[in-house]
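Participant:
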Amino acid sequence: AGYQQIRTPFLMNETLWHKSGHYDHYRENMYFSVVDEQNFALKPMNCPGHCLIYANHQISYRDLPLKYAELGTVHRHEKSGVLHGLFRVRVFTQDDAHIFVTPDQIEEEAAKVVQFIFEMYRDFGFEDFRLELSTRPESRVGTDEMWDKGEAALANALNSLNLKYQINEGDGAFYGPKIDFHITDAIGRSWQCGTVQCDFSMPDLFNLDYIGADGEKHTPVMIHRALLGSLERFIGILIENYAGDLPLWLSPEQIRVLPISDKTLAYATQVCEELKAQGIRASLDVRDEKLGFKIRDAEIHKVPYMAVIGPKEAEAGRLSLRRRKEGDLGAQSVESTAVRLREEIDSRVVH
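Using this note's numbering, the letters of the sequence shown map in sequence onto residues 257 to 607.
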């Protein structure tokens, strides 16, 4: 709660990446270009842009924590040998956020994010997590004192939630220590997704400040936060974890309305629109095919529900409901069908 949704450009001047430290520590993974005799780079991360937005405002300690969130597209020059489907790509969307805090707010805000990530993963049906606290790498910015404070703050946040975690020595980001979330899918594979990173360095590099209660300028601390990480990768994880048979609330097509013939098409269209009006992702199969074909096709595409509309259903103002893997559920009213689906969607039932 309390996040401001923002957007930052894909292409930014190379001087920004020198200032942020990315040029020195990450340039082998960046794409560069020259525009109007100026050097630019496609952003591999969103954080420097968020720092620029912060720097354009006069911030008081009363404004903190200040939270910027962005579904940002980032570009990273991964080696061709490691590219793999949706799991390792060169362009992806990151559910990124940066929380600017005072030093005494770090532990509380980091703990809130960790708790949020746990709740979100459980909604998606993942219960098996592994946490890693990654510490300072050899190539880094900032002083040892800054790193000591950051590592201690993240460890205290985890300890306050009574969470078990492993220390991953030397695998932190170049600008700060981090907590990484690893989830285990249905076939036992581990995936690193969410992350919480404490950064004392970048606010200092960008000369960010806030006016404290003493009337003096102070440097904020920045918490980097990604819940799912790459959205594309997480979609791939979900598809493989559920073998494409997604829970109803996640299914892009939740119910398919199947008219038996053109004579029932008008009523089938009405049913489809009524379901859509209830916030249900409904579609209408208008193809001139036999009912058996339409049912098999819906099952192949893993559509959770089917509403069969024949002459009897059209005359009675009802539908014949089918559930994938369960078969015929009998005649139902449109209203009761909508209630059934909405309850299953809202409760986020998983298999």
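The beta carbon of each residue, even a glycine, is placed where N, CA and C say it ideally should be.
1) Using DSSP with H/G/I as helix, E/B as strand and the rest coil, what is Pro304?
2) Where do the N-terminal and C-terminal ends of the beta strand (DSSP E) with Ser457 fall, by residue?
3) Can you give, in chain order, each stretch of the beta strand (DSSP E) that sits fully within the stretch 348–385 and has at least 3 residues?
4) Below 8 Å on the Cβ atoms is my guess for Lys430 versus Gly277; work out the distance and round it to an integer in Å.
5) Does the distance from the CB of Leu414 to the CB of Val477 come in under 8 Å?
6) Using 8 Å as the cut-off, can you tell me whether the stretch 501–511 makes contact with the stretch 592–603, which would need three or more C-beta pairs spanning the two stretches below that distance?
7) What residue does the alpha helix (DSSP H) around Ala411 start on, and which one ends it?
8) With DSSP as the reference, please indicate the residues paired to Ala587 in a beta bridge.
9) Rounded to a whole number of angstroms, what is the C-alpha to C-alpha distance between Pro567 and Arg574?
10) What does the alpha-carbon distance come out to for the pair Asp351 and Lys519?
11) Select from Trp273, Gly586, Val590 and Phe380 the residue whose C-alpha is nearest the C-alpha of Tyr523.
12) What residues in its chain sit with their C-beta under 8 Å from that of Ile536, if we drop five residues either side in the sequence?
13) Looking at the secondary structure, which residues open and close the alpha helix (DSSP H) in which Ala533 lies?
14) How close, in whole Å, do the beta carbons of Thr451 and Ile467 come, if the pair is a contact with beta carbons under 8 Å?
15) Restricting to Cα atoms, I'd like to know which of Pro433, Lys368, Phe382 and Phe385 is closest to Glu394.
16) In the DSSP output, what is Trp447 paired with across the bridge?
17) Going along the chain, which residues of its own chain have a beta-carbon closer than 7 Å to the beta-carbon of Lys323, five neighbours each way excluded?
18) Once the 5 residues before and after Ala554 are set aside, which same chain residues still bring their CB inside 8 Å of it?
19) Distance check for Ala499 and Ala469, CA to CA, integer angstroms please.
20) Taking only the alpha-carbon atoms, compute the straight-line gap between Ile373 and Tyr282 and give it to the nearest angstrom.
21) Alpha carbon to alpha carbon, how far is Ala533 from Asp544? Give it in angstroms, no decimals.
22) Determine the contact status of Ala482 and Leu417, defining contact as a CB-CB distance below 8 Å.
23) So, Thr687 versus Asn302, is the Cβ gap smaller than 8 Å?
24) Along the chain, where does the beta strand (DSSP E) that runs through Lys546 open and close?
Facilitator: Short version:
1) Three-state result, Pro304: helix.
2) Not the beta strand (DSSP E): Ser457 falls in the alpha helix (DSSP H), residues Ser457 to Leu461.
3) none
4) Note on identity: in this sequence residue 430 is Phe, with Lys being the wrong assignment. Cβ atoms of Phe430 and Gly277 come within 8 Å of each other, at about 6 Å.
5) no
6) Contact between the stretch 501–511 and the stretch 592–603 is present: three or more C-beta pairs spanning the two stretches fall below 8 Å.
7) Asp400 to Ser416
8) Ser576
9) 10 Å
10) 47 Å
11) Val590
12) Gln510, Ile511, Ala594, Leu597, Arg598 and Ile601
13) Leu521 to Ala533
14) The distance from the Cβ of Thr451 to that of Ile467 is about 30 Å, inconsistent with a contact at the 8 Å cut-off.
15) Pro433
16) Ile439
17) Gly258, Tyr259, Gln260, Ala353 and Ile355
18) Arg512, Leu514, Asp541, Met562 and Arg580
19) Taking the straight line from one Cα to the other gives about 55 Å.
20) 27 Å
21) 26 Å
22) For the 8 Å CB-CB criterion, Ala482 and Leu417 do not form a contact.
23) Residue numbering for the chain in the displayed model covers 257 to 607; residue 687 lies beyond these limits and cannot be assessed.
24) Run containing Lys546: none; DSSP gives neither H nor E here.
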